[in-house]
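Numbering (my numbering), first residue to last: 14 to 327. Quick reminder that beta carbons are idealized off the backbone N, C-alpha and C, glycines included. Heads up: the structure comes next, in structure tokens.
Given below as structure tokens:
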């Protein structure tokens, strides 16, 4: 099928260890933008959406397996930079009886943070930016980069927008990753100001700006982005299109939540697959919420292919 839309998602993917502490643990991988890339690739292939992932990995066996798995999912990996001597970061995850998670990270030596180091003016993103329609990144993508890398990412987004492309941003805010950076709010303000579509987890927005829920929602609605999607857990999703009244999209009831890992990432994949295929916001919101409701019933961020819902985007 002719490719209708070429989107690159930039970020970090880490080795994940899940299971009993000091007991049996399962190895897999995960990362917010990578999780979204997988779901977008699964849902968007029939609509002509080509999904690329941009990151940096090592030349180790773990990195080899990651790239092999992503390729199998239909993700273009030509923007995955491989550097000898580098390794992916590592995290462990513990899940309680309600499906809520506790993470422990070892990411100081993560390869992804050096994606632009030594190639600021010839990065794999820069080499391909003129062939893209959309660039997607998250608050975690920004957090793992040094200041120079953040500036380069903004420059590439501006370059894409100047020729008619779009930038999508997910606010995923993790204080631990930002490590008290005094410019954190400034970086977020710049990301919001330079994006066409923003996905906002309301709880994260409130924590970042020190706001109550009502004020955090007002802040989200005030952003300059053309399209703002506000995720509120089990509460209805809110979508604000510039110049229109907000749309409320109900979520789906789940009898038992097994693991909330990847819920927001899968929502993003479902929502964007529908929007990039030409569906209206309210339809895209339903697709995103439906996929997220299935994902939380499985352990891990990425569910088996057989568990995927069937969506018809037209």
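Spatial neighbours of residue i in its chain, beta-carbon cut-off 8 Å, leaving aside the 5 residues before and after
| i | result |
| --- | --- |
| residue 38 | 30, 31, 32, 105 |
| residue 296 | 287 |
| residue 220 | 186, 188 |
| residue 209 | 174, 179, 180, 181, 238, 239, 240 |
Simplified DSSP assignment, three categories, for residue i
| i | result |
| --- | --- |
| residue 307 | helix |
| residue 234 | helix |
| residue 17 | coil |
| residue 253 | strand |
| residue 227 | helix |
| residue 244 | strand |
| residue 323 | coil |
| residue 84 | helix |
Rounded separation between residue i and residue j - CA only
| i | j | result |
| --- | --- | --- |
| residue 309 | residue 276 | 6 Å |
| residue 303 | residue 293 | 16 Å |
| residue 322 | residue 247 | 19 Å |
| residue 233 | residue 40 | 37 Å |
| residue 314 | residue 151 | 16 Å |
| residue 193 | residue 76 | 30 Å |
| residue 103 | residue 42 | 9 Å |
| residue 17 | residue 62 | 6 Å |
| residue 254 | residue 60 | 23 Å |
| residue 92 | residue 143 | 13 Å |
| residue 88 | residue 239 | 27 Å |
| residue 24 | residue 264 | 27 Å |
| residue 126 | residue 94 | 12 Å |
| residue 145 | residue 172 | 11 Å |
| residue 228 | residue 99 | 42 Å |
| residue 201 | residue 218 | 10 Å |
| residue 274 | residue 177 | 34 Å |
| residue 65 | residue 53 | 10 Å |
| residue 290 | residue 325 | 10 Å |
| residue 212 | residue 183 | 5 Å |
| residue 119 | residue 257 | 44 Å |
| residue 157 | residue 164 | 13 Å |
| residue 319 | residue 55 | 11 Å |
| residue 167 | residue 312 | 35 Å |
| residue 36 | residue 28 | 17 Å |
| residue 190 | residue 160 | 14 Å |
| residue 154 | residue 86 | 21 Å |
| residue 131 | residue 141 | 17 Å |
| residue 123 | residue 235 | 35 Å |
| residue 138 | residue 19 | 13 Å |
| residue 121 | residue 136 | 22 Å |
| residue 81 | residue 34 | 28 Å |
| residue 68 | residue 195 | 25 Å |
| residue 58 | residue 205 | 28 Å |
| residue 44 | residue 317 | 17 Å |
7 Å Cβ shell around residue i - same chain, five flanking residues per side excluded
| i | result |
| --- | --- |
| residue 267 | 306, 309, 310 |
| residue 117 | 104, 105 |
| residue 73 | 100 |
| residue 225 | 219 |
| residue 83 | 66, 90 |
| residue 230 | 215, 243 |
| residue 249 | 261, 262, 263, 264 |
Close-in-space but distant-in-sequence residues of the same chain around residue i (CB under 6 Å, 5 per side omitted)
| i | result |
| --- | --- |
| residue 170 | 148, 180, 207 |
| residue 162 | 129 |
| residue 301 | 280, 283, 284 |
| residue 252 | 242, 260, 294, 298 |
| residue 97 | 72 |
| residue 14 | Because residue 14 carries a pLDDT of 38, less than 50, the predicted location of this residue cannot be relied on, and the following value inherits that uncertainty. Answer for residue 14: 61, listed in chain order. |
Assumed close pair residue i, residue j - CB separation to whole angstroms, cut-off 8 Å
| i | j | result |
| --- | --- | --- |
| residue 22 | residue 46 | 5 Å |
| residue 203 | residue 262 | The Cβ separation is near 28 Å, so there is no contact. |
| residue 90 | residue 278 | About 19 Å separates the two Cβ atoms, so there is no contact after all. |
| residue 26 | residue 79 | 6 Å |
| residue 222 | residue 244 | Not a contact, Cβ separation roughly 16 Å. |
What are the uninterrupted segments assigned as beta strand (DSSP E) that are 3 or more residues long and contained completely in the stretch 272-299, given in chain order?
none
Please specify which runs of the beta strand (DSSP E), each continuous and at least 3 residues long, are wholly inside the stretch 90-159, giving them in chain order.
93-95, 103-108, 114-119, 147-151
In chain order, which continuous runs of the alpha helix (DSSP H) of length 4 or greater are located wholly inside the stretch 20-67?
45-57
Scan the stretch 162-203 and note each continuous alpha helix (DSSP H) run of 4 residues or more that stays entirely inside, going in chain order.
188-191
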